[in-house]
Each structure stands twice: as structure tokens, then as C-alpha cells.
Amino acid sequence: MFLGYAVGVGKSFRMLDEARRRRERGEDVIVGATQTKVSPLVEALLDKMQVIPLRIVGGVPAMDVEAILRRHPQFCLVDGLAYDNPPGSLHPKRWQDVEHLLSNGISVITTVNLQHIEERQEEVEKITGKHVKATVPLDFLRYADEIEIVDAPPDFCLQRGDIPPAGEIGAAISLPQELSELREIALLLAADVVDCQLEAYLARNGIKQVWGTHERILVCVSRYADAALTIASGRRNADRFHGELFVGHIKRSYMTPEERIVLERNLAEAQAASARIEALDGEDVAGTFIQFARGHGITQIFLTNRMRIRWWERIFGTPVEHLIRAAENIDVRVFPG
Amino acid sequence: MPDSFHRGTVKIFLGYAAGVGKTYQMLDEAHKLKGNGVDVVIGYFEPHGRKDTIAKAEGLEIIPRRKVDYRGAVFGETDIDAILLRHPQVCVIDEFAHSNVPGSAQAKRWEDVQVLLDAGINVLTTMNVQHLESLNDQVWQFTGIRVRETIPDWVVKQADEVVMVDLPPQALLNRLTRGAVYAPEKARQAMENFFKESTLVALRELAIRQTAHEVDVRHSVLQEDGGTPWPGSQAMDTLSTQKSSATDRILILVTEDPSSAALIRRGRRVADYLKADCFAVCVHCDKTQDISPLQRETVGKHMNFARNLHIETQVLQGENMARTLVDFARLHQVTQIFLARPQHEMWPVFLGRGLVERVVRLARGIQVTIVAGRRQ
Chain A
24 MFLGYAVGVG KSFRMLDEAR RRRERGEDVI VGATQTKVSP LVEALLDKMQ
74 VIPLRIVGGV PAMDVEAILR RHPQFCLVDG LAYDNPPGSL HPKRWQDVEH
124 LLSNGISVIT TVNLQHIEER QEEVEKITGK HVKATVPLDF LRYADEIEIV
174 DAPPDFCLQR GDIPPAGEIG AAISLPQELS ELREIALLLA ADVVDCQLEA
224 YLARNGIKQV WGTHERILVC VSRYADAALT IASGRRNADR FHGELFVGHI
274 KRSYMTPEER IVLERNLAEA QAASARIEAL DGEDVAGTFI QFARGHGITQ
324 IFLTNRMRIR WWERIFGTPV EHLIRAAENI DVRVFPG
Chain B
7 MPDSFHRGTV KIFLGYAAGV GKTYQMLDEA HKLKGNGVDV VIGYFEPHGR
57 KDTIAKAEGL EIIPRRKVDY RGAVFGETDI DAILLRHPQV CVIDEFAHSN
107 VPGSAQAKRW EDVQVLLDAG INVLTTMNVQ HLESLNDQVW QFTGIRVRET
157 IPDWVVKQAD EVVMVDLPPQ ALLNRLTRGA VYAPEKARQA MENFFKESTL
207 VALRELAIRQ TAHEVDVRHS VLQEDGGTPW PGSQAMDTLS TQKSSATDRI
257 LILVTEDPSS AALIRRGRRV ADYLKADCFA VCVHCDKTQD ISPLQRETVG
307 KHMNFARNLH IETQVLQGEN MARTLVDFAR LHQVTQIFLA RPQHEMWPVF
357 LGRGLVERVV RLARGIQVTI VAGRRQ
């Protein structure tokens, strides 16, 4: 699947270029669906390919799934994955057509634009102010065998005169600032998909080590210290790193009413910061947090220092000090209490 | 120099491994520019014997490499003087992170590129994410390989555009087995080292995230300055608060300990993401002869390394390292102090606290970050 952030970044070209290379290697590749209007460059590549014509259903073109199944190629190109089929088609959505081909043993090479990813639509609409009807669920990207980013600086999309106007449902977007924001979202989306692949790989191979490709912050909260500032900073840092925020606390069977109030206030802050809240079991504070951090690929631990230090802690060290010592390859940031 | 003079701009094609198609895509762009009537030449390119890439260079003017004799072998390096003389609008320079043969005018190719930019020549170049200085420790952590040829982050930040050249790892591995990247023997070696699927997936994620970050940095600048080009990054890191709108100020404590390098890289990286000011200090004890001349020299090297990453440095004098550090931090409204994790962590607390503990206790009101001694 070729993922782009806007119309005109060159997804169709890249897809057809791959098809050309596969054909040169003797693979059986055909074109199942193209855009209605294409650039001259794409046109030239298309001329060399076998194209299964679109079927017209009630005056609207749609991919001819049955004809493709009859032809049964090794690879089928499907440009514009997010396309709503006309009523009376086999499936309402083109991505469902693609699933149909896949389940019949035909591999599919396809393109999709960020604005059509269902889970990112709201975010994209805020930037472009345009609503796009046709969507593809994010899970479809996650289950793709391969996803490839088609990246280009915004000026490239703007300079290209050959952008098909409204070829894909959303009209061409114009402002460089908008394009740049869309580009960032698309890249981060791709990074998350790749991160899932990496995690799956590490889990499959039983690798417990923190690889640190993705920043994950764990804020440790307690029933002793107000952690509002630490959590707020955790949120801000997680956003800046485009990372994830966890807030962890250790379950205790007995707490004084005052302690309970402090803990509940901390957890309410965590909820407001939309952190993943984790209640952990364990006697040893530092050890429990560290174990959780290792298991969840945490790269930074945030904690609030306590003002009050007990006499035995003066001798044997505070939990904060123990945690710093045990953290090994995780950064620890201590916040003033 | 005429009024209309503009410093050249850089466009970086960023990848995550050899063979993803950086050079190919760069040459493709060169052809497009040429087609639009732009005067483009190839200053250096490294086809690694790849058919597709060599074919892609056809029709583009190539400035011959400068032959350099070094220890009985002949090397071909970028001929900067010849490029300056030819003075094209755009020059293609492959492998941004390359180190020149000793005795060259500049030690690094990225420094060669600075010379071209200063002369108003625009540059297209390629690099892999693992060559970025601030990622050196992370990459080492999961590959086991210390990348020696690195580029300071500010050099990349100065580029006008960073474009990600992507290819799924499996496709890259297929290319490698087909012999499209390296000759068979080298390909086999590569697959045992850098080209393990897990490593490639991790590097790819780093490259995508880095590109997203570069995009983010550039459009924030667009927003703040109404579209003026990226300012020299040195101005962003100055100690004088007036010029900076940063809310975070990071102070790194540099010592003779080898962990200082990782600490500096991490501090630089965090500062870049938080858009924070960043500076580094070392503390010299004026009375007691607590460190040897050799150790002092090592501290100096670390301070120099920090300056190379555009971190402003200062040498502090004081008896008590923790107190001197915290006092300086207070005076300069530092919000975060960066310390290395102590190497010998098993000392009993009652025998006297380590530096980290002392700084944490003194630093009331200032955050203290203890940076991981990244290990494999």
C-alpha cells in the first residue's frame, strides 16, 4: 500500500513504477482500477500495462471484480483505495473489493491518501476544512503486508500542474502550511504502523529490551505527593515527542483518608491528561515501576520528589534514589515536590 | 557580493539503509530540475555498481572526482574547487555523512557542502537516519554498531527540506538477495549485521519519526515567522534569554566520564524536541587537585563535542560540584539539569551520597534528569 498525504505527491506513479519493475522480473501484473484523470507520466506507464476496464454501474464507473477474478493475475493494481462503489456493486466500498481479491489469492498493490483514513478524518478536516466522504479503516493499513510512504515536500505538490482535479474525491488542497501539517500526520501515522510491526517482531522473538524508537513516558504517582505538575509536563513532553503517556501507581490495601485524597486527585489528573493509567502490584516501589517500564518499552520515567524524608530513608535511601539506581537504560526525570 | 546574494539551500533525501533508493530518487529530482531549465551538475555520486542508479545518472553533467593519494591508495573525493569554478545552480552530492580522506581541506563532506552553500550553490544530498549524531547511542543500543560517520543535528535542521525515501524492509531484503544492492559476498555479510529485519524495521521507524520531526520544526517556523527561512540554529541556543521564546532551558553537566558523550547527545535531542535552550558546563575545582591533566583534557574534548552540536558551554569554578552546578542553574533560570547515571551504583548510601543524590536534594524547584547509560 502506498500512503500519501495529499493529492499529487506521486502515489500513482510510484505504484505503476513498481508494477513496471515487477513485470520486468517476469511477474504477472495487471491494472484493476485507475483514477479517472491521470498525469501524462502516469499515462505513459499505463500504456504499457494490461488494464481491465472499469465497469459502468448506473452511469458510474467501478472496478470489475469479476473480470479480474476471471483473469486471475498474480498482482492487481488498484489506484484510489478509498472509493465508494455505486449502488448495485458487489460491495459498497472499493477496499472491500480488494479484500475479495485477496481472499481469492490475488495480491493487490494500491494507493491511499491520508484524508481517507477514517480514524484521522477529524484531524484532517480541522486543517483542510473539507469533509471527505469515502473512507478506509486504519486497520486495513495495519494488516497490509507492506506500507510505503510516498513523501515529497509541499512545494512539489503545488508546482505540479498535472494534479488531477477532483480525481480523488477530495479536491486539491492548496496552502503550504496545510500540506505541511498533513504531511506530518501521514508520517506519524506510518511510524505508528511500523512501530506495531516492530513490537510484534520483538514479542515474537521474546526480546524484552527497550529499543527506544518511540518515546514512552511513565509518570509514577503516589499517595504522598501532588503530581499535577509532573503529569502536565508528562503530557506536554509526550506530545512534543509524539510519544505515549502512562501514569502508574502501586496498589495499597491500606491508606489514610488524606493519602487516598492525594492519590485520587493524582489519578483524576492522569485521566484528564488522557494517560494510560496502570495500577501495579508490588511491595518494592522502585522494583515494581522498573519492571513495568521494561515490559512496556518506557524510555523516560517522571517522578515527583517528596519533601518529607523519613529517618530510615536518610540511611537506606528514598524510593526516588532507589529508582534512579535501578533504571539502567531508562532516563529518569525528578520533579520538585 | 551583490545584494541579491542568497546562501544556497539543501535538500536531504533521508533513508534508513543502503539500497532504499535515496540516490535514485535524488537523481530523478536532478533530471526534473534539468528539464525545468535549471543548471544541475553531479558533484559526487556513489552508484555502488548498481545498474539502475548508473543509468539514472546518464544525461547529467558530472564533475570528475579529485584523485587523492593516501597511504599508497588512490581515493576519489569531491572536487569542491572545480564545482565552485563551474558554479552550477544545483549540485548533487551523494552520501552527506562521508568522511574525507585525511589531508582534505574539510574533514567531512557535510563541511564541503557548507562551502558550496556559502557560495550560493544549492545542494541535493542523501543520508541515512543512523548518521544523525543525536541518535548514535540509540542506534548502537539495538544494532550493536557504533556509527562513526555522523552529522550534527543542526546541519540537518538547516536543510530546507528533508524528504523520506521509503521502502518496506522486506522489499529491501529482497533487493539485497537479488544482488541489486551489493555484490553477493558483501550482501551476505550485510544481512548478518545491519540488514536484520528487526534492525531495519527499527531504523525505518526512526527515519519516519525523524522526518515527521523535521516537518514539524519547519512548519512551526513558518507559523512563527510568517514564512521566513529557517534561522541559523546557533541563534536559538544562546544564553541570553531575551532573544529566545523557549520555556525550557536545559543544562548539561559535562565531566571526564565517557558517558558524557551520550549525555550531551541526549540533552541536545530532548532540547530540540522541547524547543528548549541548551547549554553545557563543567566544574573545575580550583584548590584541590582532584583530577589529572589527562582527565582535564577529556573534559575539554567533551566540551568541544558539545560546541560542535551547537551547545553553548561554560567552565565553572567551585569547591562543591553539586552546589556550583545548582547555583549556576538557578542564576540562569534553568528548568532541567541533565546528569549522567552514576557508573558504580552499588555504593551504600550512608557512606556518602553520590553527585546525583546531592543535586536532586539541592535542586528544589529545578527538574533533574538522570540520563540512561545506554547499554546493550
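Chains A and B, in that order, are what the protein sequence lines are.
Counting the first sequence from 1 gives a position; the working numbering is that position plus 23.
Counting the second sequence from 1 gives a position; the working numbering is that position plus 6.
Cβ atoms here follow ideal geometry from the backbone N, Cα and C, with glycine treated the same way.
Collapsed DSSP secondary structure at residue i in the structure displayed
{"i": "Q346 (chain B)", "result": "The question names Gln, but residue 346 (chain B) in the sequence shown is Ala. Note: A346 (chain B) maps to strand in three-state DSSP."}
{"i": "Y247 (chain A)", "result": "coil"}
{"i": "H345 (chain A)", "result": "helix"}
{"i": "T327 (chain A)", "result": "strand"}
{"i": "M86 (chain A)", "result": "coil"}
{"i": "I48 (chain B)", "result": "strand"}
{"i": "R92 (chain B)", "result": "helix"}
{"i": "H219 (chain B)", "result": "helix"}
{"i": "L104 (chain A)", "result": "coil"}
{"i": "W236 (chain B)", "result": "With a pLDDT of only 31 at W236 (chain B), under the threshold of 50, the placement of this residue in the model should not be trusted, and no figure is reported."}
{"i": "K149 (chain A)", "result": "helix"}
{"i": "K73 (chain B)", "result": "strand"}
{"i": "G55 (chain A)", "result": "strand"}
{"i": "R48 (chain A)", "result": "coil"}
{"i": "S35 (chain A)", "result": "helix"}
{"i": "S112 (chain A)", "result": "coil"}
{"i": "I75 (chain A)", "result": "coil"}
{"i": "I91 (chain A)", "result": "helix"}
{"i": "E41 (chain A)", "result": "helix"}
{"i": "L361 (chain B)", "result": "helix"}
{"i": "E351 (chain A)", "result": "coil"}
{"i": "V155 (chain A)", "result": "coil"}
Start-to-end residues for the alpha helix (DSSP H) that takes in residue i
{"i": "Y166 (chain A)", "result": "Note, Y166 (chain A): premise wrong, no alpha helix (DSSP H); not H, not E."}
{"i": "F311 (chain B)", "result": "P299 to N314"}
{"i": "T29 (chain B)", "result": "K28 to G41"}
{"i": "R78 (chain A)", "result": "No alpha helix (DSSP H) holds R78 (chain A); the beta strand (DSSP E) holding it covers R78 to V80."}
{"i": "V96 (chain B)", "result": "Not the alpha helix (DSSP H): V96 (chain B) falls in the beta strand (DSSP E), residues V96 to I99."}
{"i": "E281 (chain A)", "result": "P280 to A295"}
{"i": "E142 (chain A)", "result": "Segment: none, E142 (chain A) is in no alpha helix (DSSP H) and carries neither H nor E."}
{"i": "L5 (chain A)", "result": "This structure does not reach residue 5 (chain A), given that chain A is present from 24 up to 360, and the question cannot be answered."}
{"i": "R255 (chain B)", "result": "R255 (chain B) -> not in any alpha helix (DSSP H); beta strand (DSSP E) instead, spanning R255 to L259."}
{"i": "T311 (chain A)", "result": "V308 to G318"}
{"i": "T337 (chain B)", "result": "Looking at the sequence itself, residue 337 (chain B) is Leu, so the reference to Thr does not match. Residues M327 to L337."}
Within 7 Å, strictly: CB atoms of residue i and residue j
{"i": "V159 (chain A)", "j": "A214 (chain A)", "result": "no"}
{"i": "H139 (chain A)", "j": "A167 (chain A)", "result": "no"}
{"i": "R258 (chain A)", "j": "L280 (chain B)", "result": "no"}
{"i": "V153 (chain B)", "j": "V161 (chain B)", "result": "no"}
{"i": "I317 (chain B)", "j": "A268 (chain B)", "result": "no"}
{"i": "L125 (chain A)", "j": "E142 (chain A)", "result": "no"}
{"i": "V365 (chain B)", "j": "L322 (chain B)", "result": "no"}
{"i": "I86 (chain B)", "j": "D34 (chain B)", "result": "no"}
{"i": "E67 (chain B)", "j": "D100 (chain B)", "result": "no"}
{"i": "V46 (chain B)", "j": "V96 (chain B)", "result": "yes"}
{"i": "G25 (chain B)", "j": "V187 (chain B)", "result": "yes"}
The beta strand (DSSP E) enclosing residue i, as first and last residue numbers
{"i": "V121 (chain A)", "result": "Note, V121 (chain A): premise wrong, no beta strand (DSSP E); alpha helix (DSSP H) at R117 to S126."}
{"i": "A63 (chain B)", "result": "Unbroken run through A63 (chain B) is the alpha helix (DSSP H), K57 to A63; no beta strand (DSSP E)."}
{"i": "Q320 (chain B)", "result": "E318 to Q323"}
{"i": "P264 (chain B)", "result": "No beta strand (DSSP E) holds P264 (chain B); DSSP gives it neither H nor E."}
{"i": "L100 (chain A)", "result": "F98 to V101"}
{"i": "L268 (chain A)", "result": "E267 to I273"}
{"i": "E301 (chain A)", "result": "R299 to L303"}
Residues bridged to residue i [DSSP beta-bridge criterion]
{"i": "Y224 (chain A)", "result": "Answer is none; Y224 (chain A) lacks a bridge partner."}
{"i": "N136 (chain A)", "result": "A:G27"}
{"i": "T375 (chain B)", "result": "A:R356 and B:F344"}
{"i": "R115 (chain B)", "result": "In the DSSP output, where bridge partners are listed per residue, R115 (chain B) has none listed."}
{"i": "L20 (chain B)", "result": "B:M133 and B:M170"}
{"i": "C288 (chain B)", "result": "B:V321"}
{"i": "G82 (chain B)", "result": "B:K73"}
{"i": "S105 (chain B)", "result": "B:K114"}
{"i": "I129 (chain A)", "result": "In the DSSP output, where bridge partners are listed per residue, I129 (chain A) has none listed."}
{"i": "R239 (chain A)", "result": "A:E267"}
{"i": "V173 (chain A)", "result": "B:V171"}
{"i": "D218 (chain A)", "result": "Its beta-bridge partners do not exist; DSSP assigns none."}
In chain order, which continuous runs of the beta strand (DSSP E) of length 3 or greater are located wholly inside the region 126 to 211 of chain B? With a minimum length of 3 residues, the continuous beta strand (DSSP E) runs that stay inside the region 126 to 211 of chain B are 128 to 134 and 167 to 170.
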